[in-house]
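Chains as they are written, first to last, in our numbering: chain L, 157 to 522; chain D, 83 to 206.
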């Protein structure tokens, strides 16, 4: 079984660090190290964590007017993105659903994109088929590390002076400890930090260099999940998917203002209909009022026991200090403060609609 | 005073007519950081193998089964506010519940400490 799983260039290092390996999106990945998920989570919020996210798909999209081209697949305003600006974007289907969420960096005459591991083959296939006059160059020789937390900038600045001045959602080419890297001031933990694209054969050297700093601990996928959940970020395949529109998914901000007017992306009609006529269900934050966490697929009921939705991500928020969740409820129950019930192991557990994020996002905006 | 073990990584401390039930060091280590425990109320009757308690780690929820047939005499009241006791003291203060012995034959079929050690060694 494990022979069939793919590995990242850091696999041997994960084993050496005591990583508990689990299958994730076809890769053998560390869900945690010896610290455990709880401490890894808290360490990232307090100091700095290093994550291996090399399983994600990196590619360059090249060709004439490439910003116009990608806009035919996504509702994001990519043409309005400054050079080396990064945008969270959505790959749409014709029904207004979301094929994947991904990051787009405008490199001027080409785009650097990063997609989810579980979707990468389908995404790349879709982009190539949809844009036959453009070329998609897969960066299979590159790994991806995320350095996240309030100390990330201090740490990285020791090896790449000045990198602490890069603004959130911008990319620079920089040498880190002499290793050429593509460094994005971005991440998926809600903390300040960087995502670093590096050649496969230099990845372990870079990881060891960063891990040797006092502030830095290796962090597994378990804490990555609880960190993103606390700050209200979506996990593709759970919180958003091909059946949820960006509006139902509360991702209105990912649909550019110009794009709403001009259209030209798959599912524009559905998005506009959802914006103008309203939606029947909406992604919201959910706070279970007891101590029991409510997991994904937990049913949500109103005060009379009628089913009004389902949790899509849920667990314990270590920094929040209690259970946290998000999910979809019918629109009339979506208002913050609305009292609802969760059906946990056959019992009704009181909960309420809560504002997202549960823990404030802390990005470096200059 | 005897301690027996199940293949579900529960321990049973047998004292006269009452057993105390908890999960083993192996189990707490596999579960990871425990954030919520729900224990049964006194008076609840179980057949062997029934769902009796719930333990939630940061990772996932797991059921704890009644290791034998019997009636719960006490749930550990400390776990509601201090679920992490299961991590720090799984075979001590982190016990789950006490129950009567409905069928003494069921105890005979459980593993001894030495047998459980071999069982765990075979899992790694």
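Note that CB positions come from ideal geometry on N, CA and C, so glycine has one too.
Check, Outcome
"Runs of beta strand (DSSP E) lying entirely within the segment 85-160 of chain D, each at least 3 residues, in chain order", "92-97, 100-105, 116-120, 133-139, 143-147 and 152-157"
"According to DSSP, residues forming a beta bridge with residue 204 of chain L", "L:372"
"Same chain only: Cβ atoms within 8 Å of residue 454 of chain L, ignoring 5 sequence neighbours per side", "466, 467, 470, 481, 483, 498, 499 and 500"
"Burial state of residue 174 of chain L (16 or more Cβ within 10 Å)", "exposed"
"Inside the segment 262-331 of chain L only - alpha helix (DSSP H) runs reaching at least 4 residues", "276-286 and 308-315"
"Contact under 8 Å by Cβ, residue 165 of chain D with residue 119 of chain D", "yes"
"Per-residue contacts from residue 125 of chain L into chain D (C-beta, under 7 Å)", "Nothing about residue 125 of chain L can be reported from this structure: the residues present for chain L run from 157 to 522 only."
"CB of residue 215 of chain L within 8 Å of CB of residue 301 of chain L, strictly", "no"
"Cut-off 8 Å between Cβ atoms - residues of its own chain near residue 521 of chain L, not counting five sequence neighbours on either side", "323 and 324"
"Residue span of the beta strand (DSSP E) that contains residue 469 of chain L, given as start and end", "463-473"
"Cβ shell of residue 403 of chain L (< 7 Å), same chain only, five flanking positions each side left out", "427, 430, 431 and 435"
"Range covered by the alpha helix (DSSP H) that runs through residue 195 of chain D", "195-203"
"C-beta contact flag for residue 161 of chain L and residue 179 of chain L at 8 Å", "yes"
"Residue-level contact to chain L via CB, residue 99 of chain D, 8 Å cutoff", "no"
"Sub-8 Å separation of residue 319 of chain L and residue 217 of chain L beta-carbons", "no"
"Contacting positions in the segment 447-465 of chain L - beta carbon closer than 7 Å to chain D", "447, 448, 449 and 451"
"Helix, strand or coil at residue 415 of chain L [DSSP, three-state]", "helix"
"Positions along the segment 351-378 of chain L whose CB lies within less than 9 Å of some CB in chain D", "378"
"Within chain L, the residues that residue 143 of chain D reaches when beta carbons sit closer than 7 Å", "451"
"Partner residues on chain D for residue 501 of chain L, Cβ-Cβ distance less than 7 Å", "136"
"For residue 223 of chain L, three-class secondary structure by DSSP", "helix"
"Rounded Cβ spacing between residue 107 of chain D and residue 172 of chain D (contact assumed at less than 8 Å)", "5 Å"
"Residue 426 of chain L (DSSP reduced to helix, strand or coil)", "helix"
"For residue 158 of chain L, three-class secondary structure by DSSP", "Because residue 158 of chain L sits at a pLDDT of 48, beneath the cut-off of 50, its placement in the model cannot be relied upon, and the following sentence gives the value as read from the coordinates. Looking at residue 158 of chain L - three-state DSSP - the assignment turns out to be helix."
"Check: residue 173 of chain L C-beta below 7 Å from any heavy atom of the ligand SAM", "In the structure on display, the ligand SAM does not appear, and there are no ligands present to speak of."
"Stretch-stretch touch, CB-based, cutoff 8 Å, three pairs: the segment 302-309 of chain L with the segment 196-213 of chain L", "yes"
"Span of the beta strand (DSSP E) around residue 382 of chain L", "Counting along the chain, residue 382 of chain L falls outside any beta strand (DSSP E), though it belongs to the alpha helix (DSSP H) covering 377-386."
"Sub-8 Å separation of residue 151 of chain D and residue 129 of chain D beta-carbons", "yes"
"Cutoff 8 Å: residue 121 of chain D Cβ touching any chain L Cβ", "no"
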